[in-house]
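S.K.:
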Amino acid sequence: MPLDPQLAALLAAPADDAAPPTSFAERRALFASELAAIDRPGPAIAQEHAITLSTRNRPLDARLFRPAMPASSNRPVMLFFHGGGWIQGSSATHASLCRHLAHHGGFDLLSVDYRLAPEHPFPAAFEDALDALRWLYEDGAGAELHSPDIVVAGDSAGGNLAAAVCLAAPREGLPAPQAALLLYPALDLANRTGSRETFGRGYWLDTLDELIAHYVPAPAQRLAAEASPALAPTLAGFPPTMLVTAGHDPLRDEGIAFAVRLMADGVRCTLANEASMIHGFLSLHGAIPAAERRLIAIAQQFGRFVRAD
Numbered sequence: 501m502p503l504d505p506q507l508a509a510l511l512a513a514p515a516d517d518a519a520p521p522t523s524f525a526e527r528r529a530l531f532a533s534e535l536a537a538i539d540r541p542g543p544a545i546a547q548e549h550a551i552t553l554s555t556r557n558r559p560l561d562a563r564l565f566r567p568a569m570p571a572s573s574n575r576p577v578m579l580f581f582h583g584g585g586w587i588q589g590s591s592a593t594h595a596s597l598c599r600h601l602a603h604h605g606g607f608d609l610l611s612v613d614y615r616l617a618p619e620h621p622f623p624a625a626f627e628d629a630l631d632a633l634r635w636l637y638e639d640g641a642g643a644e645l646h647s648p649d650i651v652v653a654g655d656s657a658g659g660n661l662a663a664a665v666c667l668a669a670p671r672e673g674l675p676a677p678q679a680a681l682l683l684y685p686a687l688d689l690a691n692r693t694g695s696r697e698t699f700g701r702g703y704w705l706d707t708l709d710e711l712i713a714h715y716v717p718a719p720a721q722r723l724a725a726e727a728s729p730a731l732a733p734t735l736a737g738f739p740p741t742m743l744v745t746a747g748h749d750p751l752r753d754e755g756i757a758f759a760v761r762l763m764a765d766g767v768r769c770t771l772a773n774e775a776s777m778i779h780g781f782l783s784l785h786g787a788i789p790a791a792e793r794r795l796i797a798i799a800q801q802f803g804r805f806v807r808a809d
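Next comes the structure, spelled out in structure tokens:
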């Protein structure tokens, strides 16, 4: 399917003449400002505030979102990991996206600020993600996050972390999450797919190899399931999953292949390939009406998916 016309126009827009960032701090600030320039607040929610998770290894900053709907002890809790190529992004850059997921999906949502590469390479972000899940199971009730239904979600690099946590939880003595929402996730950091070759330039994700090298500098480590969930020997026991890919995304093929493996291993899985979209399209919902429509639909569908389990 052809690229959405508004996305095509966005990609074709002249590049900014500003000097490129010379540090990771500048790069992160630019990423945040670019998203803010096209962002919209999103739906009104009942509560949104910062929270610190006192995990077993280190305190983790996070942001809690509660939808404007009757409180219920049965309302699922979503643990969300933001995208940004493991080197940038935060709970602030993804706040509007999280408001949509919380409001339209009916979740209490906890968005975690995990450590970023290259200052903190693999397995730092993975360890923080796992610690956040452990905190939710062991201490979440203290923050009134006491639902028995805990789900994980993430976009791009955050989808990588969400999938890795699902695989690791049983091994770490933790219950597996109730379900997973993987939004155009990075799942295989060791191999190249056809979509990486086709869409590796000009489709808003031009630096994938660089991002992987910052996150997992040692190529041998990219073979570990904690870094590349698609390379796990089996996916049996993985939580029920809704996996969203984009048709014009370098990560499309590995996402589709992961969904096929999940189904082959007996996991309930719904695959939605948004054929006219690019990587990261949900973060563009403030500027691209079709992206906002898909974000609302995905949140609603995942809410039903979780409650049907």
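Mapping of the sequence shown onto this note's numbering: residues 501 to 809, in sequence order.
Just so you know, even glycine gets a beta-carbon here, dropped at the ideal spot from N, CA and C.
Everything numeric in this text was worked out from a predicted model, so none of it was measured.
(1) Using a 10 Å radius around the Cβ and a threshold of 16 neighbouring Cβ atoms, would you call Gln547 buried or exposed?
(2) Which whole-angstrom value is the C-beta distance of Ala757 and Ala730, which I expect to be below 8 Å?
(3) On the CB-based measure, 16 or more other CB atoms within 10 Å of its CB, does Arg566 come out buried or exposed?
(4) Using C-beta distances below 7 Å, list every residue in its chain close to Met501, excluding the 5 sequence neighbours before and after it, in chain order.
(5) Helix, strand or coil for Ala536, going by three-state DSSP, please let me know.
(6) So if DSSP puts Phe580 in a beta bridge, which residue, or which two residues, is it bridged to?
(7) When the Cβ atoms of the segment 518 to 533 are set against those of the segment 585 to 593, are three or more pairs found closer than 8 Å?
(8) For the candidate residues Leu503, Asp561 and Ser656, whose alpha-carbon lies nearest to that of Arg615?
(9) Does the count of Cβ pairs from the segment 616 to 624 and the segment 544 to 558 closer than 8 Å reach three?
(10) Arg722 and Ala686 look like a contact to me (Cβ under 8 Å); what is the Cβ gap, rounded to whole Å?
(11) Tell me whether Asp753 is buried or exposed, calling it buried when 16 or more other Cβ atoms sit within 10 Å of its Cβ.
(12) Would you call Glu792 buried or exposed, if buried means 16 or more other Cβ atoms sit within 10 Å of its Cβ?
(13) Suppose only complete runs of 3+ residues qualify. What are the beta strand (DSSP E) ranges in the segment 546 to 571, listed by chain order?
(14) Thinking just about the alpha-carbon of each residue, which of Tyr703, Ala641, Val577 and Ser695 is nearest to the one in Leu511?
(15) Please report the distance separating the alpha-carbon of Ile712 from that of Tyr637.
(16) When you compare the CB of Ala713 with every CB in chain C, is at least one pair closer than 9 Å?
(17) For Ala679, write down the residues that DSSP places opposite it in a beta bridge.
(18) Identify the residues that DSSP records as bridge partners of Asn773: which are they?
(19) Hey, Leu579 and Ala632: beta-carbon distance below 9 Å or not?
(20) Count the C-beta pairs between the segment 533 to 542 and the segment 590 to 597 that are closer than 8 Å, then say yes if the count reaches three, no if not.
(21) Determine the direct distance from the alpha carbon of Met569 to that of Leu630, and round the result to whole angstroms.
(22) Could you tell me the boundaries of the alpha helix (DSSP H) in which Phe781 lies?
(23) Between the beta-carbon of Gly605 and the beta-carbon of Gly658, is there less than 9 Å?
(24) Mark Pro719 as exposed unless 16 or more other C-beta atoms lie within 10 angstroms of its C-beta, in which case mark it buried.
M.R.: Reading it off the structure:
(1) exposed
(2) Ala757 to Ala730, Cβ: 7 Å. Contact.
(3) buried
(4) Gly747, Ala775 and Ser776
(5) Correct three-state label for Ala536: helix.
(6) Ser611 and Ala653
(7) yes
(8) Asp561
(9) At 8 Å Cβ cutoff, the stretches do not touch.
(10) Arg722 to Ala686, Cβ: 11 Å. No contact.
(11) buried
(12) buried
(13) 547 to 554 and 559 to 566
(14) When each option's Cα is compared against that of Leu511, the closest is Tyr703.
(15) Straight-line Cα distance between these residues: approximately 30 Å.
(16) Given the protein chain composition of this structure (a single chain), no chain C is represented.
(17) Val651
(18) Thr745
(19) yes
(20) yes
(21) 29 Å
(22) Looking at the DSSP string, Phe781 is not in any alpha helix (DSSP H), and its letter there is neither H nor E.
(23) no
(24) Burial call: exposed.
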